[in-house]
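K.L.:
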Amino acid sequence: MGLIVFLIIGAVAGWLAGQVMKGGGFGLIGDIIVGILGAIVAGFLFPAVGVSLGAGLLGQIISAALGACILLFILRAVKRA
């Protein structure tokens with residue numbers, strides 16, 4: 016059951032990041048991958064700078080989406096260079 020929740024959070028976070036960064040979605044699998052990688056980025060970055068977005072499902076989705084936005088920003092900056 017935990018894996019299903021993990022994939023749903025990744026899909027929602029990846030879709031949100033795609034909408035915020037004006038790049039559109041990446042399809043279901045792409046959104047899940049971007050969301051999961053964003054959650055990993057946020058898991059390392061946010062505690063290091065002392066940011067806490069709260070606990071629970073909503074906090075995890077917001078954190079993963081912000082991490083995915085950061086990831087997409089970095090990837091687009093590297094792609095242009």
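Okay, so the sequence shown: first residue is 16 according to my numbering, each after it adds one.
Where a beta carbon is used, it is the ideal one built from N, C-alpha and C, also for glycine.
Since we're looking at a predicted model, the values are computed, not measured.
#1: At what residue ranges does the segment 25-71 contain a whole run of the alpha helix (DSSP H), taking only runs of 4 or more?
#2: Can you give me the C-alpha to C-alpha distance between Ala79 and Lys94, rounded to a whole angstrom?
#3: Excluding the 5 residues flanking Leu86 on each side, which residues of the same chain have their C-beta closer than 6 Å to its C-beta?
#4: For Gly25, which residues in the same chain have their Cβ closer than 6 Å to its Cβ, ignoring the five residues on either side in sequence?
#5: Spatial neighbours of Phe41 within its chain, please: CB distance less than 8 Å, with the 5 preceding and 5 following residues excluded, ordered by chain position.
P.N.:
Once the coordinates are examined:
#1: Taking only runs of at least 4 residues, the alpha helix (DSSP H) segments lying wholly in the segment 25-71 are 42-64.
#2: 22 Å
#3: The beta carbon of Leu86 sits closer than 6 Å to the beta carbons of Leu52, Gly53 and Val56 from its chain, once the five residues preceding and following it are set aside; these are given in chain order.
#4: Ile47, Gly50 and Ile51
#5: Gly29, Gly33, Ile48 and Val49
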